[in-house]
Amino acid sequence: MANEIIHAEVVGKDGPKLQKFFGDLFDWNLNTDLPGGYGLAEKTGGSGADFGAGPSPDGGSGWVTFYVRVPDIEATLAKAASLGGAVVMPKFTAGNATLAMVADPEGHVIGLTEGSM
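Heads up: the sequence shown begins at 412 in this note's numbering, then just goes up one per residue.
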């Protein structure tokens, strides 16, 4: 599938509780030695996506997000806007990845990346 889903995350009020819940539920080992209390379970080959869980940066109820790898973030942001979506977070770099976030016409937010996460 082109533009594959490569990462999914759940962010909420109690990051450690979310990490324990999803880790225990799916037997995932989340690395919690990351900035901001974030936990990450990386895929170990084959298909599938990485999974992250952590505290909401604003202390709110949080969100569920998936990230799609695209060949050109700027072009994808422009296309989303032309289809009635909105840019939530413009293109930025975090570690090895170039990221952005876009909302669909109903306000559901997804992440975009040009690199690995």
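Cβ atoms here follow ideal geometry from the backbone N, Cα and C, with glycine treated the same way.
Three-state secondary structure (DSSP) of residue i
i: Ala460; result: coil
i: Gly473; result: coil
Rounded straight-line distance, which links the Cα of residue j to that of residue i
i: Asp483; j: Val520; result: 18 Å
i: Gly391; j: Met512; result: Limits of the chain in this structure are 412 at one end and 528 at the other, which puts residue 391 out of reach.
i: Phe503; j: Asp438; result: 32 Å
i: Ala489; j: Ala514; result: 12 Å
i: Ala492; j: Val498; result: 7 Å
First and last residue of the uninterrupted beta strand (DSSP E) at residue i
i: Thr487; result: Counting along the chain, Thr487 falls outside any beta strand (DSSP E), though it belongs to the alpha helix (DSSP H) covering 484-493.
i: Gly522; result: 520-524
i: Thr443; result: No beta strand (DSSP E) contains Thr443, which DSSP labels as neither H nor E.
i: Thr455; result: No beta strand (DSSP E) holds Thr455; DSSP gives it neither H nor E.
Endpoints, alpha helix (DSSP H) assigned at residue i
i: Pro501; result: Run containing Pro501: none in the alpha helix (DSSP H); it sits in the beta strand (DSSP E), 497-505.
Beta bridge counterpart(s) of residue i as assigned by DSSP
i: Gly465; result: Val422
i: Val513; result: Val498, Ile521
At least 3 beta-carbon pairs within less than 8 Å: the segment 416-436 vs the segment 470-490: yes
The segment 461-472 / the segment 426-441 touching (three or more Cβ pairs under 8 Å): yes
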